[in-house]
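Q: If you read the sequences in order, they're chains A and B.
All residue numbers for the first sequence refer to the numbering used here, where the first residue is 618 and numbers rise by one.
All residue numbers for the second sequence refer to the numbering used here, where the first residue is 3 and numbers rise by one.
Quick reminder that beta carbons are idealized off the backbone N, C-alpha and C, glycines included.
If you're wondering where the values come from, they're calculated on a predicted model, not measured in any experiment.
Below is a structure I'd like to ask you about.
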Amino acid sequence: MAEKNLHPDQLYIDGLVQNNSTVIQAIYKKFVPKVKNYIRMNSGDDDEAQDVIQEVLITIYNQAKTKGLQLSCPFDAYFFLLCKRRWLNELKKTSNKEVTLQDENVSIDESVQEMTFQTEVFDEKQSLFDEMFQKLGEKCQEVLKLSFITKTMEEVAAKLNVTYAYVRKKKSLCTGQLTEMIQQSNRYKSLKC
Amino acid sequence: MNEETYIRFENYLANELSSEEKTLFEEQLQNDEQFNESFTLYKETTQFLEHKFSNETLDFKENLKSISNQHFETLSSSETQEKGKVIAFKPWYYAVAASVVVVMGMWFMMQNDPNYSDYNQHDTALFMERSVGDENLKEAQEAFNAKDYKKAVAAFDKITDFRDPELQLFYAISLIETNNYTKAQLFLDQLREGNSVYKHKATWYLALSYLKQDQKEECKSTLKEIPADAEDFDKAQELLNDLE
Chain A
618 MAEKNLHPDQ LYIDGLVQNN STVIQAIYKK FVPKVKNYIR MNSGDDDEAQ
668 DVIQEVLITI YNQAKTKGLQ LSCPFDAYFF LLCKRRWLNE LKKTSNKEVT
718 LQDENVSIDE SVQEMTFQTE VFDEKQSLFD EMFQKLGEKC QEVLKLSFIT
768 KTMEEVAAKL NVTYAYVRKK KSLCTGQLTE MIQQSNRYKS LKC
Chain B
3 MNEETYIRFE NYLANELSSE EKTLFEEQLQ NDEQFNESFT LYKETTQFLE
53 HKFSNETLDF KENLKSISNQ HFETLSSSET QEKGKVIAFK PWYYAVAASV
103 VVVMGMWFMM QNDPNYSDYN QHDTALFMER SVGDENLKEA QEAFNAKDYK
153 KAVAAFDKIT DFRDPELQLF YAISLIETNN YTKAQLFLDQ LREGNSVYKH
203 KATWYLALSY LKQDQKEECK STLKEIPADA EDFDKAQELL NDLE
């Protein structure tokens with residue numbers, strides 16, 4: 618059903634998913650200068666622009682890779698709005714910076730808003746998962762990390778010098794613990810819809 | 003949820019339950035809402051971790067970072083150059099500059115025969131970032147970027163898997179550079195019929211191939227196929243104007 622609204626700019630999303638250097642370079646060439654100008658005009662510098670842009674591209678990649686992302690609007694508008702909103706959030710956090718907002722009156726297409734909203738919700742969830750993972754005990758973090766970067770659980774057991782059964786059990790309990798921490802956080806409750 | 007439940011979740015995801023246990027598990031998923039909710043989150047958390055630590059994700063981040071650095075570095079260096087140029091400019095310089103422009107303009111107008119070497123500044127080949135370990139690919143990339151197209155073709159010849167459109171394009175460019183037009187066209191036509199991002203780029207290179215062979219009419223009609231939203235549209239229009 619969503620297929621019929623697919624925008625031809627989906628090729629940029631697909632290129633990111635495939636880690637295609639030519640496509641990524643094309644994104645930098647075509648769409649990044651506008652974002653950079655915007656950030657410069659709004660109390661930012663090139664380093665900050667570079668970070669915002671990278672974070673947004675990683676978010677798009679994460680969403681496309683794990684949830685599938687079907688672009689229903691031009692990439693340019695979607696990408697720009699994501700970067701812009703991320704930068705404004707950044708400014709709010711460090712509110713000692715003076716904010717001079719430009720072009721706030723431009724109306725934004727509905728499909729662009731919808732796409733941006735989805736991506737932001739996804740990102741919010743992702744960063745919550747990340748935050749909770751960092752709060753897990755060291756041992757749990759290690760077991761989980763190893764069990765996902767190592768091919769087999771047998772190898773993980775060997776690396777940690779424990780039995781296979783132990784590492785399997787530890788992995789499920791640690792994942793379980795992580796899910797509980799996520800579930801109990803206030804942010805998760807507000808995200809659930 | 004108790005420990006037992008998480009171990010069952012894990013075993014179910016790893017497909018290590020007996021068929022009886024599996025049926026039981028799936029029944030519970032349907033009937034027990036809380037169980038279902040916990041399992042959904044467990045699955046989602048597993049996917050999150052899997053993605054977070056996958057090699058693909060790490061490769062992507064690294065590649066992105068290097069492209070981003072390239073982009074921002076070349077940018078800042080060109081800006082410093084511009085700043086460097088702002089020096090006191092005496093009025094009579096304008097006269098000199100203006101006459102230089104006039105002379106150069108006239109010279110350019112007389113040069114109305116464009117040729118291939120005006121346009122053969124190719125993108126840098128960067129396909130090794132993704133597939134580490136293939137020696138031929140690495141050699142092809144290095145030779146290509148060093149503009150040693152003969153060597154690049156030799157390396158490409160040894161590669162068997164050409165499903166990646168990026169490889170097809172760079173192979174085709176190397177073939178044009180070494181005057182191997184027919185074979186280049188085979189790859190370019192394949193790209194032109196496909197739906198990759200290189201679709202229009204392939205048309206542009208086909209036009210350049212004709213230009214290099216001095217087949218101006220074919221070159222012109224191929225250039226006209228490039229749509230206005232393609233990356234090479236402006237260059238194509240410029241070349242068309244020069245040819246007409």
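Pick helix, strand or coil for residue 790 of chain A, following the three-state DSSP scheme.
A: Here the question's residue 790 of chain A lines up with position 173 in the first sequence. Shown here, residue 790 of chain A sits in a helix according to DSSP, grouped into three states.
Q: Do residue 213 of chain B and residue 187 of chain B count as a contact pair if the criterion is CB distance below 8 Å?
A: Taking the first residue of the second sequence as 1, we reach residue 187 of chain B at position 185. Taking the first residue of the second sequence as 1, we reach residue 213 of chain B at position 211. The answer is no: Cβ separation not under 8 Å.
Q: Excluding sequence positions up to five away, which residues of its chain have a Cβ less than 7 Å from the Cβ of residue 757 of chain A?
A: Taking the first sequence and counting its residues from 1, the one referred to as residue 757 of chain A is at position 140. By the criterion of a C-beta distance shorter than 7 Å, residue 757 of chain A is surrounded in its chain by 791, 794, once the five residues flanking it on both sides are discounted.
Q: Which residues mark the beginning and the end of the alpha helix (DSSP H) in which residue 752 of chain A is found?
A: Residue numbering aside, residue 752 of chain A sits at position 135 when the first sequence is read from its first letter. Where residue 752 of chain A is concerned, the enclosing alpha helix (DSSP H) starts and stops at 727-752.
Q: Using the rule of at least 16 other Cβ atoms within 10 Å of the residue's Cβ for burial, across every protein chain shown, is residue 732 of chain A buried or exposed?
A: Here the question's residue 732 of chain A lines up with position 115 in the first sequence. Classification of residue 732 of chain A: buried, given that the 10 Å Cβ count is 16 or more.
Q: Below 8 Å, can you find three or more Cβ-Cβ pairs linking the region 16-23 of chain B to the region 46-65 of chain B?
A: The region 16-23 of chain B vs the region 46-65 of chain B: no contact.
Q: Taking 7 Å as the limit between beta carbons, can you name the residues of its chain near residue 85 of chain B, skipping five residues before and five after?
A: For the purposes of this step, residue 85 of chain B is taken as the residue at position 83 of the second sequence. At residue 85 of chain B, the pLDDT of 47 sits below 50, so the modelled position is not reliable and the matter cannot be decided from this model.
Q: Are any of the Cβ atoms in chain B nearer than 8 Å to that of residue 663 of chain A?
A: By one-based count along the first sequence, residue 663 of chain A stands at place 46. Judged by the 8 Å Cβ criterion, residue 663 of chain A is in contact with chain B.
Q: State yes or no: is the beta carbon of residue 685 of chain A nearer than 8 Å to at least one beta carbon in chain B?
A: Numbered from its first residue, the first sequence carries residue 685 of chain A at position 68. No, no contact with chain B.
Q: Beta-carbon within less than 8 Å of residue 682 of chain A's beta-carbon, same chain only, minus the 5 sequence neighbours each way: which residues are those?
A: Against the first sequence, residue 682 of chain A aligns to sequence position 65. Cβ within range, chain order: 634.
Q: Just the Cα atoms here: how many angstroms apart are residue 675 of chain A and residue 63 of chain B?
A: Counting from 1 along the first sequence, the entry for residue 675 of chain A is found at position 58. Counting from 1 along the second sequence, the entry for residue 63 of chain B is found at position 61. Whole-angstrom Cα-Cα distance: 7 Å.
Q: Within 8 Å (strictly less), CB to CB, does residue 702 of chain A reach chain B?
A: Position 85 of the first sequence, counted from the start, is the residue given in the question as residue 702 of chain A. No - not a single Cβ of chain B is within 8 Å of the one on residue 702 of chain A.
Q: Here's the rule: buried if 16 or more other CB atoms are within 10 angstroms of the residue's CB, otherwise exposed. What is residue 622 of chain A?
A: On the first sequence, position 5 is the one that residue 622 of chain A refers to. Looking at its Cβ environment, which holds fewer than 16 other Cβ atoms inside 10 Å, residue 622 of chain A is exposed.
Q: Does the beta-carbon distance from residue 177 of chain B to residue 199 of chain B come in below 8 Å?
A: Along the second sequence, one-based indexing puts residue 177 of chain B at 175. Along the second sequence, one-based indexing puts residue 199 of chain B at 197. No; because the gap between Cβ atoms is not below 8 Å, this pair is not in contact.
Q: Would the region 701-713 of chain A and the region 652-665 of chain A be scored as touching if the rule is three or more Cβ pairs under 8 Å?
A: yes
Q: Please report the residue range of the alpha helix (DSSP H) in which residue 19 of chain B lies.
A: Sequence index remark: in the second sequence, residue 19 of chain B carries index 17 (1-based). It is not in any alpha helix (DSSP H) - residue 19 of chain B carries neither H nor E in the DSSP assignment.
Q: Looking at chain A, is there any beta carbon in it that lies within less than 8 Å of the beta carbon of residue 208 of chain B?
A: Numbered from 1 along the second sequence, position 206 holds the residue referred to as residue 208 of chain B. Residue 208 of chain B does not count as touching chain A.
Q: Of the choices A:740, A:701, A:784, A:637, whose alpha-carbon is the least far from that of residue 65 of chain B?
A: Against the second sequence, residue 65 of chain B aligns to sequence position 63. It is A:637.
Q: Tell me, please, whether the CB atom of residue 202 of chain B is closer than 8 Å to any CB atom in chain A?
A: Indexing the second sequence from 1 puts residue 202 of chain B at position 200. Not closer than 8 Å to any Cβ of chain A, the Cβ of residue 202 of chain B fails to qualify, so no.
Q: Put residue 167 of chain B into one of helix, strand or coil per three-state DSSP.
A: Start at 1 with the first residue of the second sequence, and residue 167 of chain B comes out as number 165. Assignment of residue 167 of chain B by DSSP, reduced to helix, strand and coil, places it in the helix class.
Q: In whole angstroms, what is the alpha-carbon distance linking residue 800 of chain A and residue 647 of chain A?
A: Taking the first sequence and counting its residues from 1, the one referred to as residue 800 of chain A is at position 183. Taking the first sequence and counting its residues from 1, the one referred to as residue 647 of chain A is at position 30. The alpha-carbon atoms of residue 800 of chain A and residue 647 of chain A are separated by roughly 41 Å.
Q: So within the region 165-232 of chain B, which uninterrupted alpha helix (DSSP H) runs reach at least 4 residues, ignoring any that extend past its ends?
A: 167-179, 183-195, 201-214, 218-225
Q: Can you tell which of B:172, B:210, B:124, B:33 has the C-alpha that lies nearest to the C-alpha of residue 1 of chain B?
A: The question about residue 1 of chain B has no answer, for chain B in this structure spans 3 to 246.
Q: Buried or exposed for residue 224 of chain B, going by 16 or more other Cβ atoms inside 10 Å?
A: Taking the first residue of the second sequence as 1, we reach residue 224 of chain B at position 222. Label assigned to residue 224 of chain B: buried.
Q: Tell me the rounded alpha-carbon separation between residue 658 of chain A and residue 703 of chain A.
A: By 1-based counting over the first sequence, the position of residue 658 of chain A is 41. By 1-based counting over the first sequence, the position of residue 703 of chain A is 86. Their Cα atoms are separated by approximately 15 Å.
Q: Whose C-beta lies closer than 6 Å to the C-beta of residue 138 of chain B among residues of the same chain, with five residues either side of it excluded?
A: Here residue 138 of chain B corresponds to residue number 136 of the second sequence, with the count starting at 1. Cβ neighbours of residue 138 of chain B beyond the five flanking positions: 157, 160, 161.
Q: Count the other C-beta atoms from every protein chain shown that fall within 10 angstroms of the C-beta of residue 115 of chain B, then say buried if there are 16 or more, exposed otherwise.
A: Looking up residue 115 of chain B in the second sequence gives position 113. Here residue 115 of chain B is exposed: its Cβ has fewer than 16 other Cβ atoms, across all protein chains shown, within 10 Å.
Q: Whose Cβ in chain A lies nearer than 9 Å to the Cβ of residue 199 of chain B?
A: Here residue 199 of chain B refers to the residue found at position 197 when the second sequence is read from its first residue. Within 9 Å Cβ-Cβ: 628, 629, 631, 632, 637, 639, 640, 643.
Q: Of all Cβ atoms in chain B, is any one closer than 8 Å to the Cβ of residue 733 of chain A?
A: Residue mapping note: residue 733 of chain A aligns to position 116 of the first sequence, counting from 1. By this cut-off, residue 733 of chain A is not an interface position.
Q: What first and last residue would you give for the alpha helix (DSSP H) that runs through residue 687 of chain A?
A: Sequence index remark: in the first sequence, residue 687 of chain A carries index 70 (1-based). Run containing residue 687 of chain A: none; DSSP gives neither H nor E here.
Q: Pick out the complete alpha helix (DSSP H) segments inside the region 692-716 of chain A, 4 residues or longer, and give them in chain order.
A: Here the runs fully enclosed are 692-710.
Q: If I follow the unbroken alpha helix (DSSP H) through residue 764 of chain A, where does it start and stop?
A: What you label residue 764 of chain A is simply residue 147 of the first sequence in a count that begins at 1. Where residue 764 of chain A is concerned, the enclosing alpha helix (DSSP H) stretches over 755-766.
Q: Closest to residue 746 of chain A by CA distance: which of A:808, A:773, A:787 is it?
A: In the first sequence, residue 746 of chain A corresponds to position 129, counting from 1. Selected option, being the one with the closest Cα: A:808.
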